[in-house]
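Visitor: Last residue of the sequence shown: 379 in my numbering, with the numbers rising by one and none dropped. All C-beta atoms in this analysis are idealised placements derived from N, C-alpha and C, irrespective of residue type, glycine included.
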Amino acid sequence: MLYATVQIAWLATGTVLPLGPGHAFPPVVQVVLAALAVLAAGACPASTRVRGGLGRTAVGVSLAVVTPVFVLGTFGAPIEFVSLVAGSGTGSGGAGPAHLLLNVVGAGLLLVTALSFRRRLRGRCPRCGEAHSGDSDGPLVHPAASTASAGVRAAVYVGMCGVLPWATTKTVWTLGGDALGVTAQQWREANAGASGAVRALASVGVDFTVLAAALAWFLMLGLVHPWGQVFPRWTLFLSGRRVPRLLPLIPAWLTGVTLALYGTALIVMGVALLVGPEADSGAGGAWMVEFGGLAFGGLGMGLVVAARSYAARTRPVCAVAGARKARGEGSGTE
């Protein structure tokens, strides 16, 4: 309802909602988005009450329609966040970041609601996904910290390696060298409008986007190793405490999906430039596009794989289901 209210308020006040560089949402699209938000507001509470028949179908269809719309609205969140942290501005005014934040919150809540509804329809606990009797509002049992499988770790490491060509090229430029037909001076001129913090980092050989990629590396490693589930000793007063499950999962899912899609698009674009009619004259730029695709696509895919593994390894169950497992009684999970 908040999302719908904001959309109508923007329409009433003539606020431009940016869709991309030089483009804005048409008013009719904003009306449709507001209507879908109202539909979601009705479907969410109904999902906890309906048991079958037409009501169940209506809620299921509603969630299936509105959830992808909000998920699609989160596209570009990592890029906006990096721009904001770098002090470069978001490039889309105040309405753009506000709309993105509303989509992020809405998508997260809708995904959880849809998952609970799906579990309920299958006769499982909507909270933990186990098939058990008894209350589902008691304490949760969390699994012990574990390491991801060898296959998952290998996929994550391969994704991390995808960053290396792009990061190496950026580092060469920041250190004053030439790469891919572009001189360090040309690179500085192209980034003359960057914030003071970004220029200060570049002066010591650190590109801000490479630093952001390193943070993504850190997140990926935490998702596949036990220290991502229990705070390690170097976290001081947090040492030994359980890491809140959604703390790494939210940025991993949000960043991973966007970067995977963005990276795939860049890879396709880079290949098209490399084999196109002007491949020889613009080879340097084409390779940089390709390097960017490998970097963003690798990070995105690695984060998605790592987050999926982390979600499965850390999923808590209701205490009654945990007691059944302790007694060796099998139960299906989702």
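What residue does the alpha helix (DSSP H) around residue 142 start on, and which one ends it?
Guide: Along the sequence shown, read from residue 1 onward, the residue named residue 142 stands at position 97. Where residue 142 is concerned, the enclosing alpha helix (DSSP H) stretches over 140-166.
Visitor: For the region 57-108, which segments carrying the beta strand (DSSP E) assignment without a break, of at least 3 residues, lie completely within its bounds, in sequence order?
Guide: If we require 3 residues or more, the beta strand (DSSP E) runs fully inside the region 57-108 come out as 63-65.
Visitor: Going by beta-carbon coordinates alone, are residue 297 and residue 260 separated by less than 8 Å?
Guide: Taking the first residue of the sequence shown as 1, we reach residue 297 at position 252. Taking the first residue of the sequence shown as 1, we reach residue 260 at position 215. No, the pair does not count as a contact, with Cβ atoms beyond the cut-off.
Visitor: According to DSSP, is residue 255 helix, strand or coil?
Guide: Locating residue 255 in the sequence shown gives position 210, where the first residue counts as 1. Correct three-state label for residue 255: helix.
Visitor: Under a Cβ-count criterion, where at least 16 other Cβ atoms within 10 Å of its own Cβ denotes burial, should residue 164 be classed as buried or exposed?
Guide: Translated into positions along the sequence shown, residue 164 becomes position 119. Residue 164 comes out buried.
Visitor: Indicate the three-state DSSP secondary structure (helix, strand or coil) for residue 224 in the structure shown.
Guide: Within the sequence shown, numbered from 1, the residue matching residue 224 stands at position 179. Strand at residue 224.
Visitor: Using C-beta distances below 6 Å, list every residue in its chain close to residue 241, excluding the 5 sequence neighbours before and after it, in chain order.
Guide: Locating residue 241 in the sequence shown gives position 196, counting from the first residue. The answer is none, since no qualifying residue turns up.
Visitor: Expressed to the nearest angstrom, what Euclidean distance is found between the alpha-carbon atoms of residue 275 and residue 285?
Guide: Along the sequence shown, read from residue 1 onward, the residue named residue 275 stands at position 230. Along the sequence shown, read from residue 1 onward, the residue named residue 285 stands at position 240. Distance between the alpha carbons of residue 275 and residue 285 is about 6 Å.
Visitor: Taking the CB atoms as reference points, tell me whether residue 265 and residue 201 lie closer together than 8 Å.
Guide: Here residue 265 corresponds to residue number 220 of the sequence shown, with the count starting at 1. Here residue 201 corresponds to residue number 156 of the sequence shown, with the count starting at 1. Going by C-beta atoms, residue 265 is nearer than 8 Å to residue 201.
Visitor: Suppose only complete runs of 4+ residues qualify. What are the alpha helix (DSSP H) ranges in the region 272-360, listed by chain order?
Guide: With a minimum length of 4 residues, the continuous alpha helix (DSSP H) runs that stay inside the region 272-360 are 291-320, 328-359.
Visitor: Could you tell me which of 65, 336, 53, 243 sits nearest to residue 76, measuring between CA atoms?
Guide: Taking the first residue of the sequence shown as 1, we reach residue 76 at position 31. Nearest option by C-alpha distance: 53.
Visitor: Between residue 148 and residue 168, is the Cβ-Cβ spacing less than 8 Å?
Guide: The count along the sequence shown starts at 1 and reaches residue 148 at position 103. The count along the sequence shown starts at 1 and reaches residue 168 at position 123. Result no, Cβ atoms of residue 148 and residue 168 do not sit closer than 8 Å.
Visitor: For residue 358, does the count of other Cβ atoms within 10 angstroms reach 16, so buried, or fall short, so exposed?
Guide: On the sequence shown, residue 358 is found 313 positions in, with the first residue counted as 1. That one is buried.
Visitor: Are residue 212 and residue 218 close, meaning C-beta to C-beta below 8 Å?
Guide: Here residue 212 is taken as the residue at index 167 of the sequence shown, counted from 1. Here residue 218 is taken as the residue at index 173 of the sequence shown, counted from 1. In this structure, residue 218 does not lie closer than 8 Å to residue 212 by Cβ.
Visitor: Between 207, 173, 288, which has its C-alpha nearest residue 262's C-alpha?
Guide: Here residue 262 refers to the residue found at position 217 when the sequence shown is read from its first residue. Nearest C-alpha to residue 262: 207.
Visitor: Leaving out five residues on either side along the sequence, give the residues of the same chain with a beta carbon under 7 Å from the beta carbon of residue 278.
Guide: The residue given as residue 278 occupies position 233 in the sequence shown. These residues qualify, in order along the chain: 284.
Visitor: Among the residues of its own chain, which have a CB less than 6 Å from the CB of residue 332, if the five just before and after it don't count?
Guide: Taking the first residue of the sequence shown as position 1, residue 332 is located at position 287. Excluding residues within five positions, the ones whose Cβ falls inside 6 Å are 225.
Visitor: Assuming residue 81 contacts residue 111 under a Cβ cut-off of 8 Å, what Cβ separation, rounded to an integer in Å, is found between them?
Guide: In the sequence shown, counting from the first residue as 1, residue 81 sits at position 36. In the sequence shown, counting from the first residue as 1, residue 111 sits at position 66. Correct: roughly 5 Å between the Cβ atoms.
Visitor: Could you check what DSSP says for residue 173 in three-state terms: helix, strand or coil?
Guide: Residue 173 sits at position 128 when you count from the first residue of the sequence shown. Coil.
Visitor: Assign residue 293 to buried or exposed, taking buried as 16 or more other Cβ atoms, counted over all protein chains shown, within 10 Å of its Cβ.
Guide: One-based indexing of the sequence shown puts residue 293 at position 248. Under this definition residue 293 is a buried residue.
Visitor: Note down the Cα distance separating residue 173 from residue 166, rounded to an integer number of angstroms.
Guide: As a position in the sequence shown, residue 173 is number 128, starting the count at 1. As a position in the sequence shown, residue 166 is number 121, starting the count at 1. Going by the C-alpha atoms only, they are around 14 Å apart.
Visitor: Looking at residue 144 and residue 62, is the spacing between their C-beta atoms short of 8 Å?
Guide: In the sequence shown, counting from the first residue as 1, residue 62 sits at position 17. In the sequence shown, counting from the first residue as 1, residue 144 sits at position 99. Contact flag set, yes.
Visitor: Would you list the residues sitting across from residue 185 in a DSSP beta bridge?
Guide: By 1-based counting over the sequence shown, the position of residue 185 is 140. Paired residue(s): 363.
Visitor: Once DSSP output is grouped into helix, strand and coil, what is the label at residue 263?
Guide: Here the question's residue 263 lines up with position 218 in the sequence shown. Correct three-state label for residue 263: helix.
Visitor: Does the separation of the CB atoms of residue 116 and residue 152 fall below 8 Å?
Guide: Mapped onto the sequence shown, residue 116 falls at position 71. Mapped onto the sequence shown, residue 152 falls at position 107. Closer than 8 Å, so yes.
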